[in-house]
Amino acid sequence: MVTVSRTYSAYQKKVIRSLAKLVGARAFRYEKAQNNHLKIHIEGVDKPIFTSSTPSDCKALENFMSQVRVMIRAAEKQYPLAVKVCEANPKQPHVCSHEKMITSIVKNMRLMAADLQDKEIEMVFEQQSVDGIGEHRQQMIKKAINTALGHRKGGRYLTPSVMRCIEEDISHHVDFILPTVAHYAELLSKSKISAKSKQEVAVALDAERDDKDLIAEEIEIDQEKETLALADVFQMPVKHDQPLTKDNKQKVKSVKKLAQKKPSRMAQQHVGEDDMSMLMTLTSEQRITQAKALTMVQIQALVDDLKQAMVEKHDEDIDDVIRLMAQKGLAIEDIMRRLNAA
Numbered sequence: 001m002v003t004v005s006r007t008y009s010a011y012q013k014k015v016i017r018s019l020a021k022l023v024g025a026r027a028f029r030y031e032k033a034q035n036n037h038l039k040i041h042i043e044g045v046d047k048p049i050f051t052s053s054t055p056s057d058c059k060a061l062e063n064f065m066s067q068v069r070v071m072i073r074a075a076e077k078q079y080p081l082a083v084k085v086c087e088a089n090p091k092q093p094h095v096c097s098h099e100k101m102i103t104s105i106v107k108n109m110r111l112m113a114a115d116l117q118d119k120e121i122e123m124v125f126e127q128q129s130v131d132g133i134g135e136h137r138q139q140m141i142k143k144a145i146n147t148a149l150g151h152r153k154g155g156r157y158l159t160p161s162v163m164r165c166i167e168e169d170i171s172h173h174v175d176f177i178l179p180t181v182a183h184y185a186e187l188l189s190k191s192k193i194s195a196k197s198k199q200e201v202a203v204a205l206d207a208e209r210d211d212k213d214l215i216a217e218e219i220e221i222d223q224e225k226e227t228l229a230l231a232d233v234f235q236m237p238v239k240h241d242q243p244l245t246k247d248n249k250q251k252v253k254s255v256k257k258l259a260q261k262k263p264s265r266m267a268q269q270h271v272g273e274d275d276m277s278m279l280m281t282l283t284s285e286q287r288i289t290q291a292k293a294l295t296m297v298q299i300q301a302l303v304d305d306l307k308q309a310m311v312e313k314h315d316e317d318i319d320d321v322i323r324l325m326a327q328k329g330l331a332i333e334d335i336m337r338r339l340n341a342a
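Residue numbers (the numbering used here): 1 to 342.
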């Protein structure tokens, strides 16, 4: 239910910020679809919404938000939200004075949704039960509230009735952001069924691996794929004290032919950390010499990929810092104050 990827484009981040202002008290969650677009679920809206607009269009965000407004208006008629405690009971209007804190906590929960889901899944499989999900979330919400109150200069104490109202508001959003208990129960049931037949499957796999015909077929399939790694494109330089034999010359020729071919998408996926590490062992002159063996189109594609990797790495580092700040309960004002004092 929650996306694994934590990298979002600038356009998608604008959509998330605008969506948080638009939906108000209505809960929502977001994730990345298989086509890399943003998939948004809003409470009361039957179908998910996708950011299928072209980000380069200056009106893309405005058009998307207009579509969301139409769906929210229809959801308000069909699934109206329950009246908040402070609105239903005029004797407790001070509950709404903590709306900013509630919004901040919900935002952090939504940002850490993937990590929170992983922890809950680990707890369910460790306990072999879903009974502790509700209590776990309740304790998590109380801890987040106490952490937020700890950063306040004054007014850290809340009466039990106010605390209960705040917990209910946050719990409403958390239950929508994270998977349901039924979802975890289904995962646990599938794992138990899989565990029973695990031994039988292992025996069957061993029998298949011992089959010589199957091994030969797998080898033929692997040869037909002809994946291209960085080791094939950037070959290690040959030492001058080692004479080139006839076999070595033939091998170098075959490597050069592979270098002239444009790597396929599947080949690019097979490039691993070992290939990149080997590439970095070369000197700058050696890398340039090896790159000259490529065509201009291949060199430009490699440069574009490196630039994109720098952008995504930068965004991932920022997300990691934000997530770490949320886990430690640190406010951005405290960080800026410490940086200015340094």
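Beta carbons are placed, not taken as given, at the ideal position from N, Cα and C, and that holds for glycine.
query: Of all the CB atoms in chain D, is at least one closer than 9 Å to the CB of Glu-76?; result: In the displayed structure, chain D is absent; only one protein chain is listed.
query: In the DSSP assignment, find the alpha helix (DSSP H) that holds His-172 and state where it starts and stops.; result: 160 to 177
query: Give me the residue from Val-70, Arg-29, Ser-104 with the minimum Cα distance to Leu-330.; result: Ser-104
query: What separation, rounded to the nearest whole angstrom, lies between the Cα atoms of Val-321 and Ile-133?; result: 28 Å
query: Measuring alpha carbon to alpha carbon, tell me which residue in Ser-284, Asp-175, Ile-145, Val-68 is nearest Arg-164.; result: Ile-145
query: Ignore the nearest five residues each way along the sequence and tell me which others in Ile-170's own chain have a CB closer than 8 Å to its CB.; result: Ile-102, Ile-105, Val-106, Met-109, Ile-141, Ala-144, Ile-145
query: Between Tyr-30 and the rest of its own chain, which residues show a CB-CB distance below 7 Å, the 5 nearest in sequence each way excluded?; result: Ile-16, Leu-38, Lys-39, Ile-40
query: Can you look up Tyr-184 in the DSSP assignment and give me helix, strand or coil?; result: helix
query: Based on the DSSP output, what are the partners of Phe-28 in its beta bridges?; result: Ile-42
query: Verify whether the separation of the beta carbon atoms of Asp-315 and Tyr-8 is less than 9 Å.; result: yes
query: Just mark Phe-125 as buried or exposed, buried being the case when its beta carbon has 16 or more other beta carbons within 10 Å.; result: exposed
query: Near Ile-299, what residues of its chain come up, given a Cβ to Cβ distance below 7 Å and the 5 sequence neighbours on each side ignored?; result: Ala-291
query: What residue range is occupied by the uninterrupted alpha helix (DSSP H) comprising Ser-9?; result: That residue, Ser-9, is in no alpha helix (DSSP H); it is neither H nor E in DSSP.
query: Short of 8 Å in beta carbon distance, which residues of its chain neighbour Ala-69, apart from the five on each side in sequence? Order them along the chain.; result: Correcting the residue identity first, residue 69 is Arg in this sequence and not Ala. Closer than 8 Å at the Cβ level, and outside the excluded window around Arg-69, lie Leu-22.
query: From Glu-135 to Met-123, what distance separates their C-alpha atoms?; result: 12 Å
query: Compare the Cα-Cα distances from Gln-117 to each of Lys-100, Asp-275, Arg-137 and report the closest residue.; result: Arg-137
query: Cβ atoms of Ala-27 and Ile-177: under 9 Å apart, would you say?; result: yes
query: Ignore the nearest five residues each way along the sequence and tell me which others in Ile-166's own chain have a CB closer than 8 Å to its CB.; result: Val-95, His-98, Met-101, Ile-102, Ile-145, Leu-158
query: Among the candidates Lys-13, Arg-323, Tyr-184, whose CA atom is the shortest distance from the CA of Val-112?; result: Reading the sequence as shown, one finds Met at residue 112 and not Val. Closest by alpha carbon: Arg-323.
query: In terms of residue numbering, what span does the alpha helix (DSSP H) encompassing Thr-147 cover?; result: 133 to 150
query: If we call anything under 9 Å between Cβ atoms a contact, is Leu-81 one with Gly-44?; result: yes
query: In chain order, what residues of the same chain lie with their CB nearer than 8 Å to the CB of Met-310, ignoring the 5 residues before and after it?; result: none
query: Looking only at DSSP bridge pairs, what is Phe-50 linked to?; result: Lys-39
query: Can you find the residues in the same chain that come closer than 6 Å, C-beta to C-beta, to Thr-295, ignoring five residues on each side of it along the sequence?; result: none
query: Look at Val-130 and Ala-74 and say whether their C-beta atoms are less than 9 Å apart.; result: no
query: What is the rounded straight-line gap between the Cα of Pro-160 and the Cα of Thr-180?; result: 27 Å
query: Taking the alpha-carbon positions, what's the Thr-51 to Lys-77 distance?; result: 24 Å
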